[in-house]
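Residues 0 to 155 in numbering that gives the first Met the number 0 are what the sequence shown lists, from first letter to last.
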Amino acid sequence: MLYPDAEVPLGFLVADTSRLMRRHFHRRLGELGLSLAQGRALAVLALEEGIKQVTLADKLEIQPMTVARLVDGLQEMGMVERRADPTDRRAFRIHLTAEGTALAKKVWPLVVEAGNMAITGFTEKAAADFYVSLTKIKNNLQALESDEAAERKAAS
């Protein structure tokens with residue numbers, strides 16, 4: 000174990016940190032009249048315009064039915080529009096409207112601000128090293144998840 004003297008296991012520390020960042024982000028999004036889910040959806044769509052609704056659900060880690068209601072709400076607000084997928088008549092692709100794009104541009108500074116506040120007191124090198132380390136942890140866990148999925152598939 001690399002951190003035998005830690006008072007809090009790594010998983011708990013990461014979960015607590017994530018929860019606190021989400022709470023901060025939720026408060027700031029409220030100033031824009033958005034829920035956390037709406038803000039996250041706009042942020043994802045700003046990066047990946049025109050993704051399938053099912054892909055959005057996966058990226059937000061919510062069920063497809065839940066994302067359907069979320070997109071319904073954003074559509075009623077005039078932030079997004081569904082367009083038929085040209086290659087799959089059962090699927091929709093989600094696009095930001097001009098108003099949605101303008102609001103997403105207000106969301107991104109809040110994302111950046113939350114990250115910057117979280118690393119207050121870090122040197123530039125320490126912040127860069129932390130980012131690299133956290134990315135490595137994420138990649139390790141994704142690889143583990145892929146390996147486990149392959150094992151389950153092979154066993155069935």
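No residue lacks a Cβ here, since even glycine has one placed at the ideal position from N, Cα and C. Keep in mind it's a predicted model, so treat the numbers as computed, not measured.
*asked:* For Glu98, tell me which candidate among Arg27, Lys135, Ala36, Met76 has the shortest Cα-Cα distance.
replied: Met76
_Within the continuous alpha helix (DSSP H) that includes Val110, where are the two ends?_
97-117
*Under three-state DSSP, which class holds Phe121?*
coil
*Give the DSSP bridge partners of Phe91, in chain order.*
Ala83
*Tell me the DSSP bridge mates of Lys137?*
Bridge partners of Lys137: none, in fact.
*Going by the CB atoms, is the gap between Leu95 and Arg27 shorter than 8 Å?*
no
*Can you tell me the Cα-Cα spacing of Ser132 and Gly29, whole angstroms?*
31 Å
*Between the C-alpha atoms of Thr16 and Ala83, what's the straight-line distance to the nearest angstrom?*
38 Å
*Which residues does DSSP pair with Ile61 in a beta bridge?*
Its beta-bridge partners do not exist; DSSP assigns none.
*asked:* What does the alpha-carbon distance come out to for the pair Thr122 and Phe11?
replied: 25 Å
*Between the beta-carbon of His25 and the beta-carbon of Ala113, is there less than 8 Å?*
no
_Distance CB(Leu19)-CB(Ala40) smaller than 8 Å_ = no
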